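Below is one structure; the comments refer to it alone.
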Amino acid sequence: MTRSSSLTFRIALISTAVVAFVASLILATGSVLAWGPELTRDPVDPAPGSAQAAPRFKPLPPPALNFYGTPGIIDTPSAEMLPDGTYAVSYSWFGGQSRYNITFQALPWLSASFRYNGIRNLNLFGFSTYYDRGFDVRARLWKERGWLPEVTMGLQDFAGTGVYAAEYFVATKRFQTPVLSRRSGPGELKISAGLGWGRLGTHGAIGNIGGVRPSFVGGGTGGELSYDQWFRGDFSPFGGIEWQPTDRLSLKAEYSTDAYVTETQVSDVFERKSSLNFGVEYQYSDRTRLGAYYLYGTELGFSAQFQLNPKQPITPMVVPAAQPIIPRSHWARTEANWNQNWPASTQQTTVFRDQVAEALKQDGLILEAITFDATEVELRYRNPRYQSDMQAVGRVARIMTAYLPASVETFRITPVRSGIGLSTVTVRRSDLEALEFSPEASESINAVTGITAARPLSEDAVFSEELYPAFSTSFAPYTKPSYFDPARPFRIDFGLDLTASYAPAPGWLIGGALRQRLAGNISNTRASNSVLPHVRTDISLYAQHGTTLENLYVTRHWKPGRDLYARATGGIFETMFGGVSGELLWKPVNSPLALGVEANYVIQRDYDQRFSFLDYKTFTGHASLYYELGSNYQLQLDAGRYLAGDYGGTFSLDRVFNNGWAVGAFFTLTNVSSADFGEGSFDKGFRFRIPLGWMLGKPNRRGFGLTIRPTQRDGGQRVAVPGRLYGSIREAHRIRLQDQRVRFWE
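Take the sequence shown: its position 372, counting from 1, is numbered 1014 in the numbering used here, and each next residue is one higher.
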């Protein structure tokens, strides 16, 4: 470290200490700062132990995000973690640099981020703005407790071109500050300090590990892990403080060790005169945070942060009241109710079927079939409304207590999708009557409920008269985004979809969709430069036409044997491909493991997306392993042949919350070299799904989802076939039902 940089570092540390000392003086009211984030009782409240003495302060907001979209001060990280499951989106700008960030708190101690950034005036590769993509990952090493700070390790831009590559260890300690008002409650002071490599080691270095670290060189395909450079080269100390005097306001100061070598020397992006940054942030709402900053002695910046937590819906869920359980003690002791000869009467069973069907319809459920016995009844139903299948099971059970004769003691409740019984929940009527108002009702009913594989439909089953044949239509807007074209990073088409389906019998479906494009700019996307067959990169050619046939297919689902599920589909599957497809899935109802195999023969569609096809034909297929890891995590491994004729495998990991939220990531490695694959080196991306019920506050099984790839190339691509098996089947198997057991009584 040179003498001048050493002097700068000492000045920065002294300045940070002065800021912290001044903040402490401002806060001081004669009491010492308290350790940790715990709330304290307002000192003016009355007698300890009384209800009035309980703290009533608003909790401080979740950790703020830095300019890289991860918990931090301004341009440097902190050791904090977001609340588990949080999905955060942020935008930051300063000095001609814009960063769009997405962060997901995958586990309480682990988070991952994706970033798309633009640097103006970098003048690389003929673009006035240089666009780049990168991934970050952070792992907490230990929590804050007592005098021990929270400590986190981070890898920044570890799988991109490396323009923002850095590694760090950072510690954060929080101190409770005195109460400023009864409304705001106690504030909080956070102090963070760490050591950084890569970008965070380019100013004020105090040491070196492993010699000289290669600097960023533009023009590479990126996408590969540069693990040989991690924690290598010069390292520097950085740090900062954040004071939150109220639950709305936050003041920040930091010492940054990012010299911005590329931006200040390779080009004239901005001038760096200082290592000190300052900022103020305002928590506009529970989910929105805005900030303004003064950075590096020359630049103004701002940020906008949006944090969504699947466990905290935008609109509180309002569910219509469930049918109350009718104890048999309230029934009149008539022969029709209590004798066991009623199943022999077709007239009586028809009345019971119609009464149950109507009650289910009022609750948003559909009766598929019902099998009567004097003491046991099996009811098969569809659930088009409730996100939780266990909630639907509970409502079906309540309806059965209200309308079935008193002699029926055992209820067998079978959810059905695509004509297939997925599982059977067996519950005794007497248990329902006894446990409805139990303090431990959810755990108690779970203990006495059986979940087994659905039996074949009985020959004596009585079908609902309103089911088959069934015809339905819908008319709705659509959006189709396209990302990361260097000339225009975000493109989108939008228009209207007319979809229709016809179900002639259980398990059979004929479906199709007409699409009318109204406006958009995907048609202007750059032409493909892929050396592989253009199975996905000719998106601009498919976007030239206004009225298109999105899909038109016939599919059948059935159970060929115990724990086996099958699908056969033929027709036009999606925008670019049609053909024939078959799938077989082995999934025991009580097992976290499932195995599947799929085979497809597909033909590439013509660009006008009518009934004509191009010359490209191929066979593609995969063997798949699915495993439920616990904590709502799903692992999927696929191996086989992809659309471009390449062979390899895909690793996917998704977290699917009980309310329908889903966030996941995937990557595919095939025998295509990184040079032939092109930009990005291999296929990867992330996906999310937000249920409509979470946004609207009403029960709804539909949702809004997107899959985002840093680069859309032709390697590692699969055909999109409607109605794949695993996702819908696992929803009504034991693990998912037991995870949702608290919903049984709702």
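Cβ coordinates follow ideal geometry from the N, Cα and C atoms, glycine included.
Owing to the predicted nature of the structure, the values given are computational and were not obtained by experimental measurement.
> Whose C-alpha, out of R841, I956 and G939, is nearest the C-alpha of T904?
Replying inline: For the residues R841, I956 and G939, the minimum Cα distance to T904 belongs to R841.
>> Taking the alpha-carbon of L1295 as reference, which of F746, L1174, S720 and S945 has the nearest alpha-carbon?
In response: For the residues F746, L1174, S720 and S945, the minimum Cα distance to L1295 belongs to F746.
> To the nearest angstrom, how far is it from the Cα of L1077 to the Cα of I1093?
Replying inline: Near 18 angstroms, if we compare the C-alpha coordinates of I1093 and L1077.
> Do F877 and G843 have their C-beta atoms within less than 8 angstroms of each other?
Replying inline: Closer than 8 angstroms, so yes.
> Going by beta carbon distance, what residues of the same chain come within less than 6 angstroms of R1329, once the five residues before and after it are set aside?
Replying inline: If the five residues before and after R1329 are omitted, its C-beta is found closer than 6 angstroms to the C-beta atoms of G1306 and T1349, all from its own chain and listed in chain order.
> Near D1288, which residues of its chain fall below 8 angstroms by C-beta distance, leaving aside the five closest residues on each side in sequence?
Replying inline: Closer than 8 angstroms at Cβ, skipping near neighbours: L1174, T1312, N1313, V1314, G1357 and G1358.
>> I need the boundaries of the alpha helix (DSSP H) containing R1040, first residue and last residue.
In response: Here the alpha helix (DSSP H) through R1040 covers D1031 to Y1045.
>> Applying the 10 Å Cβ sphere with the 16-neighbour rule, what's the burial state of S692?
In response: With a pLDDT of 46 at S692, under the threshold of 50, the predicted position of this residue should be treated as unreliable, though the coordinate-derived value follows. Exposed, because fewer than 16 other Cβ atoms sit within 10 Å of the Cβ of S692.
> At which residues does the alpha helix (DSSP H) containing F1328 begin and terminate?
Replying inline: Counting along the chain, F1328 falls outside any alpha helix (DSSP H), though it belongs to the beta strand (DSSP E) covering D1325 to P1333.
>> I need the boundaries of the beta strand (DSSP E) containing D1180, first residue and last residue.
In response: Per DSSP, D1180 belongs to no beta strand (DSSP E) and is neither H nor E.
> Would you call the CB atoms of D1005 and A1374 closer than 8 angstroms?
Replying inline: No, these two residues do not count as a Cβ contact at 8 angstroms.
> With contact counted as at least three CB pairs below 8 angstroms, one residue from each stretch, are the region 907-927 and the region 935-945 in contact?
Replying inline: Yes, the region 907-927 is in contact with the region 935-945.
>> Assuming G1149 and W1200 are in contact, meaning their beta carbons sit under 8 angstroms apart, how far apart are those beta carbons, in whole angstroms?
In response: Confirmed, about 5 angstroms.
>> What does the alpha-carbon distance come out to for the pair G678 and G882?
In response: A caution first: G678 carries a pLDDT of 42, below 50, which makes its placement in the model unreliable, though a value can still be read off. If I take the Cα positions, the gap works out to 18 angstroms.
> If you draw a straight line from the C-alpha of E1075 to the C-alpha of L1379, how long is it?
Replying inline: Distance between the alpha carbons of E1075 and L1379: 21 angstroms.
> With 16 other CB atoms within 10 Å as the buried threshold, where does S712 fall?
Replying inline: In the sequence on display, residue 712 carries Thr and not Ser. Taking a 10 Å sphere around the C-beta of T712, we find 16 or more other C-beta atoms and assign the residue as buried.
> Looking only at its own chain, which residues have a Cβ that is under 7 angstroms from the Cβ of A1286, when we skip the five neighbours before and after it?
Replying inline: Hits under 7 angstroms: L1174, P1175, V1177, D1356, G1357 and Q1359.
>> Tell me which residue opens and which closes the beta strand (DSSP E) that K1201 is part of.
In response: Its beta strand (DSSP E) spans residues T1189 to G1203.
>> Taking the alpha-carbon of T957 as reference, which of S1370, I1181, G1339 and L1021 has the nearest alpha-carbon?
In response: The residue with the shortest Cα to Cα distance from T957 is G1339.
>> Using the three-state DSSP reduction, which class does P952 fall into: helix, strand or coil?
In response: In the structure shown, the three-state DSSP call for P952 is coil.
>> Excluding the 5 residues flanking S1172 on each side, which residues of the same chain have their C-beta closer than 7 angstroms to its C-beta?
In response: Short of 7 angstroms from the beta carbon of S1172, and not among the five residues preceding or following it, lie these beta carbons of its own chain, in chain order: T1179, G1320, R1355 and D1356.
>> Buried or exposed for E1085, going by 16 or more other Cβ atoms inside 10 Å?
In response: Exposed, by the Cβ-count rule.
> With a CB to CB cut of under 6 angstroms and the five nearest residues on each side skipped, what residues in its chain are close to T930?
Replying inline: Here the set comprises F948.
>> By alpha-carbon positions, which one of L1235, R1027 and D1127 ends up nearest to R1376?
In response: Ranking L1235, R1027 and D1127 by CA distance to the CA of R1376 puts L1235 first.
> Can you pull the DSSP bridge partners for H1375?
Replying inline: Bridge partners of H1375: none, in fact.
> Does DSSP put P705 in a helix, in a strand, or in coil?
Replying inline: Three-state DSSP puts P705 in coil, outside helix and strand.
> For I1134, is the classification buried or exposed, using 16 other Cβ atoms within 10 angstroms of its Cβ as the cut-off for buried?
Replying inline: Residue burial is scored here from C-beta neighbours: I1134 has fewer than 16 other C-beta atoms within 10 angstroms and is therefore classed as exposed.
> To which residues does DSSP link Q1276 through a beta bridge?
Replying inline: Answer by DSSP bridge pairing, in chain order: E1270 and D1296.
> Looking only at C-alpha atoms, which of P705, R1022 and P1047 sits nearest to E923?
Replying inline: Looking at the Cα atoms, P705 is the closest of the given residues.
>> Quick check: the Cα distance between Q907 and Y1268, rounded to an integer number of angstroms?
In response: One C-alpha to the other measures close to 50 angstroms.
>> At the level of alpha carbons, what is the spacing between S834 and R1097?
In response: Put simply, the backbone Cα of S834 is about 60 angstroms away from that of R1097.
>> Pop quiz: F811 and E830 are said to be a contact at Cβ under 8 angstroms. What is the actual Cβ separation, rounded to whole angstroms?
In response: In fact, because the Cβ distance is near 23 angstroms, the residues do not count as touching under 8 angstroms.
> Near F873, what residues of its chain come up, given a Cβ to Cβ distance below 6 angstroms and the 5 sequence neighbours on each side ignored?
Replying inline: Taking C-beta separations shorter than 6 angstroms and ignoring five residues to either side along the sequence, the partners of F873 in its chain run E809 and W839, following chain order.
> Where do the N-terminal and C-terminal ends of the beta strand (DSSP E) with V922 fall, by residue?
Replying inline: L918 to Q925 is the extent of the beta strand (DSSP E) around V922.
> Tell me which same chain residues have a C-beta within less than 7 angstroms of the C-beta of S1165, skipping the five on either side of it?
Replying inline: Within its own chain, the residues whose Cβ lies closer than 7 angstroms to the Cβ of S1165, once the five positions on either side in sequence are excluded, are S1182, A1185 and Q1186, listed in chain order.
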